[in-house]
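Just so we're on the same page, this note's numbering is the position in the sequence shown counted from 1, plus 3. Think of the CB as a built atom: it goes at the ideal place given N, C-alpha and C, for glycine as much as any other residue. Here the structure is a predicted model, which means the values were calculated and not measured. Okay, so here's the structure we're looking at.
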Amino acid sequence: MTDSKNNKLTKINAVRGMNDLLPADAQAWQHLDHVLQDLTRAYGYEYLRTPIVEMTAVFQRGVGEATDIVEKEMYSFEDRLNGEQLTLRPEGTAAIVRAVIENNLIYEGPKRLWYTGPMFRHERPQRGRYRQFHQFGIEALGFAGPDIDAEIILMGQRLWDELGLKGVRLEINSLGQADERAQHRAALVTYFEQHKDKLDEDSQRRLLTNPLRILDSKNPEMQALIEGAPKLLDFLGEASLKHFAAVQDLLKANNIPCKINPRLVRGLDYYNLTVFEWVTDELGAQGTIAGGGRYDPLIERMGGKAAPACGWAMGMERVLELMKVSGSLPESIPQCDVYMLHQGGETLKAALVIAERLRNAGIDTILFCPPDGESASFKSQMKKADASGAAYALIIGPDELNKNEAQLKDLRGTGEQQAVALEQAVEAVINALVGSSE
Ligand code: HAM
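Below, the structure is given as structure tokens:
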């Protein structure tokens with residue numbers, strides 16, 4: 004791309020709503036990854052990775068045609084090499100179910116699975132809402148009882164505690180079974196048709212496609228109307244009510260507070276019975292950090308043998324933002340233990356050898372490399388050494404090399420400097436590091 008006026012090459016930016024992960028934020032993400040690995044191990048969940056691109060039908064059928072995601076947010080395209088209709092995954096669940104069916108994973112019994120990775124939705128970007136974002140999710144497939152609903156919720160609660168998140172609330176609801184929803188839907192349509200003049204444009208459309216989603220509307224002018232609408236909970240039969248009561252009971256036994264939100268319907272079409280979200284007021288408009296529920300109809304809908312399942316997923320960007328707001332991001336870890344300074348030529352050769360020996364001994368070492376390929380003053384190298392967070396600098400100048408020595412400088416404690424024999428440099432660094440950590 005060229006700027007037509009002065010024929011200079013212009014820079015090319017990232018796609019709107021898709022962010023780079025910069026080095027300054029990398030440690031926080033790595034910390035989160037670490038906690039998630041420990042969490043999933045603690046509960047016996049196994050890792051499953053699916054491709055980022057799937058056949059479009061996976062989400063059309065899985066997430067549902069009448070959802071915002073499928074209607075207007077998917078990055079879908081035709082593979083021009085073979086004409087296949089493909090989609091960048093907007094969520095993980097439908098893809099996990101596709102993989103479970105394709106690989107016969109629950110043939111021998113239920114499975115607990117987890118995944119993490121980028122998801123893509125063409126939404127209007129704002130704080131906490133991106134077009135490429137990252138989810139961590141868990142899916143428990145083949146379990147029918149309320150115990151697993153409770154287990155996955157407990158995992159969430161443990162995670163928020165582990166991450167030091169403040170002000171996270173659990174909201175829960177039951178969507179019952181298809182026939183119960185059909186009766187409720189009929190009552191809803193009758194109700195909203197009686198008040199059609201008060202419906203906004205979006206809701207008028209939803210009245211025909213997915214009237215349940217009207218309850219999800221954030222339009223303040225429709226809140227009174229929604230408040231008076233028939234409640235799904237009043238249409239649930241005995242078995243659904245029993246399941247819902249059992250989940251609440253198990254949560255109570257584990258001291259997990261939750262609020263029943265009869266308006267919680269979720270934006271994806273595969274749910275039945277228990278649905279839930281974790282929300283916070285600390286992140287502005289995008290306050291839902293995670294959500295999920297039971298999706299018993301999905302496996303059969305995707306072409307597998309009918310089996311119950313449930314799970315949830317969290318937005319990793321939102322959780323990291325909430326960690327920041329809660330003041331619970333971990334302190335940054337230094338880039339290295341030792342920073343090596345030299346003056347080029349023979350001193351560089353010696354420094355390279357020592358740096359390799361240090362790494363052989365498990366000591367993280369950064370070797371100064373001058374940007375211009377020449378040499379640089381010790382003063383400017385020392386600034387870099389300080390900024391790296393290294394505990395020690397190891398300095399080899401021509402004078403030191405003549406004496407077969409290096410200078411070992413303490414950067415964080417006393418600032419003392421001592422001459423060490425080159426042959427003993429690794430041992431000297433180990434002793435110094437051990438000494439400074441005692
Ligand atoms: P979801 O509610 O669509 O559910 O997404 C889960 C979480 O992903 C949200 O609570 C939010 O934190 C995050 N998220 C969604 N869209 C964005 C966005 N544009 N930018 C940043 N974060 C976002 C699902 O995806 C289901 N698959 C969850 C599930 C798993 N249900 C059962 N198993």
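Query	Result
Who pairs with Val-282 in a beta bridge, going by DSSP?	Arg-172, Thr-291
Just verifying my parser: in three-state terms, what is the DSSP assignment at Gly-140?	strand
In the DSSP assignment, what are the bridge partners of Ile-398?	Leu-344, Gln-410
Look at the Cβ atom of Arg-360, then the Cβ atom of Val-429, and state whether they are nearer than 8 Å.	yes
Check whether the Cβ of Met-443 lies closer than 7 Å to any heavy atom of ligand 1, and answer yes or no.	Here the chain has residues from 4 to 441 only, and residue 443 is not among them.
So, with DSSP's three-state summary, where would you put Arg-101?	helix
For a test of your reading of the model: does the CB of Leu-271 fall under 7 Å from any non-hydrogen atom of ligand 1? Yes or no.	yes
Between the C-alpha atoms of Glu-334 and Phe-371, what's the straight-line distance to the nearest angstrom?	25 Å
Provide the residue span of the alpha helix (DSSP H) that contains Pro-121, from first to last.	Counting along the chain, Pro-121 falls outside any alpha helix (DSSP H), though it belongs to the beta strand (DSSP E) covering 114-123.
Look up Asn-275 in the DSSP assignment and give the residues it is bridged to.	Arg-297
Would you kindly report the start and end of the unbroken alpha helix (DSSP H) that includes Ile-369?	Ile-369 -> not in any alpha helix (DSSP H); beta strand (DSSP E) instead, spanning 368-370.
Taking C-alpha atoms, which residue in Trp-315, Arg-127, Leu-355, Asp-23 lies nearest to Tyr-273?	Trp-315
For Trp-315, list the residues DSSP reports as bridge partners.	Ile-141, Gly-295
If you count every other CB in all the chains shown that lies within 10 Å of the CB of Gly-67, and 16 or more means buried, which is it?	buried
Within a Cβ cutoff of 6 Å, which residues of the same chain sit near Leu-178, ignoring the five residues on either side of it in sequence?	Tyr-274, Asn-275, Val-278
Between the C-alpha atoms of Ala-97 and Arg-415, what's the straight-line distance to the nearest angstrom?	51 Å
Taking 6 Å as the limit between beta carbons, can you name the residues of its chain near Gly-347, skipping five residues before and five after?	Ser-378
Considering only C-alpha positions, which residue in the set Pro-311, Pro-128, Gln-135 is nearest to Gly-120?	Gln-135
Considering Ser-440, what are the terminal residues of the alpha helix (DSSP H) in which it resides?	428-440
In angstroms, rounded to a whole number, what distance separates the CA positions of Met-21 and Glu-303?	34 Å
Answer yes or no: the CB of Thr-53 versus the heavy atoms of ligand 1, is any distance below 7 Å?	no
If you draw a straight line from the alpha carbon of Arg-297 to that of Leu-191, how long is it in whole angstroms?	23 Å
DSSP three-state call for Glu-49: helix, strand or coil?	strand
Given a cut-off of 8 Å on the beta-carbon distance, is the pair Arg-184 and Pro-214 in contact?	no
What span of residues does the alpha helix (DSSP H) with Phe-247 cover, start to end?	241-256
Between the Cα of Gln-129 and the Cα atoms of Arg-52, Thr-53, Arg-19, which residue gives the shortest distance?	Arg-19
Are at least three pairs of beta-carbons, each pair with one atom in the region 70-82 and one in the region 101-120, less than 8 Å apart?	no
Quick one: measure Cβ to Cβ for Gln-63 and Val-73, integer angstroms, because I've assumed they're closer than 8 Å.	6 Å
Distance check for Leu-25 and Leu-445, CA to CA, integer angstroms please.	With the chain covering 4 to 441 only, the question about residue 445 has no answer from this structure.
With a threshold of 7 Å, establish whether the CB of Arg-430 neighbours any heavy atom of ligand 1.	Looking at the sequence itself, residue 430 is Glu, so the reference to Arg does not match. Checking every heavy atom of ligand 1 against the Cβ of Glu-430, none is found closer than 7 Å.
DSSP three-state label for Leu-91, please.	strand
Is it right to say Val-356 is buried, meaning 16 or more other beta carbons lie within 10 angstroms of its own, or is it exposed?	exposed
Just checking Thr-291 against ligand 1 - is the residue's beta carbon closer than 7 Å to any of the ligand's heavy atoms?	yes
Mind checking whether the beta-carbon of Phe-136 lies closer than 7 Å to any heavy atom of ligand 1?	yes
Would you say the beta carbon of Glu-324 comes nearer than 7 Å to a heavy atom of ligand 1?	no
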